[in-house]
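Visitor: Here it is, the structure in full.
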Amino acid sequence: MNETFEASGIVTFAFWVTSAITIAAAVMVVTVRDVFKAAVFLAGSFIGVSAIFFLLNAEFVGVVQILVYVGAVSILIAFSVMMITDVSRGSQPSRARYASVTVAALVVAAIAITAYNTDWTLNEDLTDPAAIAGLAGEFVEEELESGEGRITSTDGLGITPDTVVQTGVLHDSTGTIGGLLLREFVLPFETVGLVIVAALIGGLALMRPRRHEPDSRGGG
Amino acid sequence: MTLENVLLVSGIIFAIGLYGVLSRRSAIALLMSLELLFNAVVIAAVAFSRFTPPAGLADGGVVTANEVRAALTGHVFAVFVIAVAAAESALALALIFALYRAKQTVEITDVSEMSK
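The listed protein sequences correspond, in order, to chains D and H. This note's numbering puts the first sequence at residues 28 to 247. This note's numbering puts the second sequence at residues 116 to 231.
Here it is in structure tokens:
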């Protein structure tokens, strides 16, 4: 994404259009009575969010969003709705509607006031490599020696000259994220794997038919 | 497209999800609203990552590899949140199925009335 493209306002326009579609789909998710329609709108909302990620130069997160949310979670929810929803009864109206609207409006007002009244400019002290090294101690200083200067592909950590672009944003970030996941964040990475396995086993254990209760479908 | 605007969109989606969590009766619809909450938080994380680039990158000066990695930490957080949310939704759907098998309903108000 070069400078003229960024400055032409196309990105901003695309952002607002995408945001409007995403927010409209999200509103439908929480208001529509039919739960299956809500699941379809939820998938639409997920796609909109992934488009926002692409506009924010987060290609990897956008692709993960499509794979995990649109590809897996939406399908899972849609299947659950088809198996569970009692069509004859239909969905019941919402509970505590006015109180919920009030709480949600207060939250969005608080977020908007905070977002627009906070000075988000970069704190120079905290991005100065020497300051970071001083805060984090020896570890970062060692890393700094290998990574000092203009970025080259020789440091072997997935950061290439392509990672840096002149407009002040990062692009081609996937390699760097891979390096981060398997170096700095390897412990959380492995823990997430453990969490997913635990969730899968927990789900299977919850779904297993009880021993002393014969399964009505004649299964196991 | 500034950080403030992206945070506003994130906040709006968060509020919509919060409304859904508070007002929906069906447990599946509640889970969908929870996913909206997760998505809003991930948008905020990615936005902070995008709009607070390393200092050297912003003024075209010297960029260290560490600064690039620090700037992309938000993306890593986003990936972790997505992974945990996927595990959570799988487990929550299993719970909903178990609830449906035991009580023949997934309306949370019915369940709370039955437990009295």
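The beta carbon of each residue, even a glycine, is placed where N, CA and C say it ideally should be. Just so we're clear, the structure is a prediction, and the values are computed from it rather than from any experiment.
Where DSSP assigns a beta bridge to E222/H, which residues make up the other side?
Guide: Translated into positions along the second sequence, residue 222/H becomes position 107. BP columns for E222/H point to S141/H.
Visitor: Which runs of the alpha helix (DSSP H) at least 4 residues long sit entirely within the stretch 74 to 142 of chain D? Give them in chain order.
Guide: Qualifying alpha helix (DSSP H) stretches, in chain order: 86 to 92 and 101 to 111.
Visitor: For a cutoff of 9 Å on Cβ pairs, would you count E228/H as touching chain D?
Guide: Along the second sequence, read from residue 1 onward, the residue named residue 228/H stands at position 113. Not closer than 9 Å to any Cβ of chain D, the Cβ of E228/H fails to qualify, so no.
Visitor: Against chain H, does A225/D count as a neighbour if the rule is that its beta carbon must be under 9 Å from one of theirs?
Guide: For this step, residue 225/D is matched to residue 198 along the first sequence. Judged by the 9 Å Cβ criterion, A225/D is in contact with chain H.
Visitor: Taking 9 Å as the threshold (C-beta atoms), are V196/H and T203/D in contact?
Guide: Counting from 1 along the first sequence, the entry for residue 203/D is found at position 176. Counting from 1 along the second sequence, the entry for residue 196/H is found at position 81. No, Cβ-Cβ distance for T203/D and V196/H is not below 9 Å.
Visitor: Could you check whether the stretch 188 to 205 of chain H touches the stretch 95 to 107 of chain D, counting it as contact only if at least three pairs of C-beta atoms, one from each stretch, sit closer than 8 Å?
Guide: Yes: the two stretches touch, three or more of their Cβ pairs being nearer than 8 Å.
Visitor: Could you please give the first and the last residue of the uninterrupted alpha helix (DSSP H) stretch that includes V57/D?
Guide: Looking up residue 57/D in the first sequence gives position 30. Looking at the DSSP string, the run of the alpha helix (DSSP H) that includes V57/D is I37 to T58.
Visitor: Quick check: the Cα distance between A53/D and S148/H, rounded to an integer number of angstroms?
Guide: Position 26 of the first sequence, counting from 1, holds the residue named residue 53/D. Position 33 of the second sequence, counting from 1, holds the residue named residue 148/H. Those two C-alpha atoms are separated by around 8 Å.
Visitor: Could you check what DSSP says for F129/H in three-state terms: helix, strand or coil?
Guide: Looking up residue 129/H in the second sequence gives position 14. Three-state result, F129/H: helix.
Visitor: So which residues on chain H does L69/D lean against when the C-beta distance must stay under 8 Å?
Guide: On the first sequence, position 42 is the one that residue 69/D refers to. Here the neighbours are M147, E150 and L151.
Visitor: Ordered along the chain, which non-local residues of its own chain (more than five positions away) have a Cβ less than 6 Å from that of T201/D?
Guide: Along the first sequence, one-based indexing puts residue 201/D at 174. F87.
Visitor: If you reduce the DSSP assignment to three classes, tell me which class M116/H lands in.
Guide: Counted from its first residue, the second sequence places residue 116/H at position 1. If DSSP states are grouped into helix, strand and coil, M116/H belongs with coil.
Visitor: Quick check on L214/D - is its C-beta less than 9 Å from some C-beta in chain H?
Guide: The count along the first sequence starts at 1 and reaches residue 214/D at position 187. False, the Cβ-Cβ gap to chain H never drops below 9 Å.
Visitor: Mark A205/H as exposed unless 16 or more other C-beta atoms lie within 10 angstroms of its C-beta, in which case mark it buried.
Guide: For the purposes of this step, residue 205/H is identified with residue 90 of the second sequence, where counting begins at 1. Its Cβ being crowded by 16 or more others within 10 Å, A205/H is buried.
Visitor: In three-state DSSP terms, what is T145/D?
Guide: Taking the first residue of the first sequence as position 1, residue 145/D is located at position 118. Three-state DSSP puts T145/D in coil, outside helix and strand.
Visitor: Leaving out five residues before and five after I48/D in sequence, what residues of the same chain have Cβ atoms less than 6 Å from its Cβ?
Guide: The sequence position of residue 48/D within the first sequence is 21, counting from 1. Here the set comprises G75.
Visitor: Check whether chain H comes within 9 Å of E217/D, counting only Cβ atoms and requiring the distance to be less than that.
Guide: Along the first sequence, one-based indexing puts residue 217/D at 190. No - not a single Cβ of chain H is within 9 Å of the one on E217/D.
Visitor: Taking the alpha-carbon of F42/D as reference, which of I102/D, L83/D and L133/D has the nearest alpha-carbon?
Guide: One-based indexing of the first sequence puts residue 42/D at position 15. Minimum Cα distance to F42/D is reached at L83/D.
Visitor: Look up R216/H in the DSSP assignment and say whether it is helix, strand or coil.
Guide: Reading the second sequence from its first residue, position 101 is the one you call residue 216/H. Helix at R216/H.
Visitor: Taking the C-alpha atoms as reference points, what is the distance between V221/H and F212/D?
Guide: Taking the first residue of the second sequence as 1, we reach residue 221/H at position 106. Taking the first residue of the first sequence as 1, we reach residue 212/D at position 185. Approximately 38 Å, taken between the alpha carbons.
Visitor: Of all Cβ atoms in chain H, is any one closer than 9 Å to the Cβ of I248/D?
Guide: Shown here, chain D extends from 28 to 247; a query on residue 248/D therefore has no answer.
Visitor: Any idea if T141/D is buried or exposed, counting beta-carbon neighbours within 10 angstroms, 16 or more meaning buried?
Guide: Translated into the one-based positions of the first sequence, residue 141/D becomes position 114. Its Cβ having fewer than 16 others within 10 Å, T141/D is exposed.
Visitor: With DSSP collapsed to three states, give me the class of G135/H.
Guide: Along the second sequence, read from residue 1 onward, the residue named residue 135/H stands at position 20. In this structure, G135/H counts as helix in the three-state DSSP scheme.
Visitor: Quick one: Cα of T145/D to Cα of A225/D, how far?
Guide: Looking up residue 145/D in the first sequence gives position 118. Looking up residue 225/D in the first sequence gives position 198. Roughly 40 Å separates the two Cα atoms.
Visitor: Measure the alpha-carbon distance for V134/D versus G132/H and round it to whole angstroms.
Guide: Looking up residue 134/D in the first sequence gives position 107. Looking up residue 132/H in the second sequence gives position 17. Looking at the two C-alpha atoms, the distance is approximately 11 Å.
Visitor: Mind listing the chain D neighbours of V156/H? Cutoff is C-beta to C-beta under 8 Å, in chain order.
Guide: Looking up residue 156/H in the second sequence gives position 41. Those do not exist, as V156/H stays about 11 Å from chain D at its closest Cβ, beyond 8 Å.
Visitor: How many whole angstroms separate the CB atoms of F212/H and M109/D, which I take to be in contact at a CB cut-off of 8 Å?
Guide: Start at 1 with the first residue of the second sequence, and residue 212/H comes out as number 97. Start at 1 with the first residue of the first sequence, and residue 109/D comes out as number 82. Actually they are not in contact, since the Cβ atoms of F212/H and M109/D sit about 12 Å apart, beyond 8 Å.
Visitor: At the level of alpha carbons, what is the spacing between A217/H and S101/D?
Guide: Position 102 of the second sequence, counting from 1, holds the residue named residue 217/H. Position 74 of the first sequence, counting from 1, holds the residue named residue 101/D. Straight-line Cα distance between these residues: approximately 25 Å.
Visitor: For V62/D and G220/D, I'd like the C-alpha separation in whole angstroms.
Guide: Looking up residue 62/D in the first sequence gives position 35. Looking up residue 220/D in the first sequence gives position 193. About 31 Å.
Visitor: Quick check on this structure: which residue in L208/H, V226/H, A162/H and L145/H has the alpha carbon closest to the alpha carbon of A99/D?
Guide: Here residue 99/D refers to the residue found at position 72 when the first sequence is read from its first residue. Out of L208/H, V226/H, A162/H and L145/H, L208/H has the C-alpha closest to the C-alpha of A99/D.
Visitor: Cα separation between L146/H and L208/D?
Guide: Your numbering for residue 146/H matches position 31 in the second sequence. Your numbering for residue 208/D matches position 181 in the first sequence. The straight-line gap from Cα to Cα measures roughly 28 Å.
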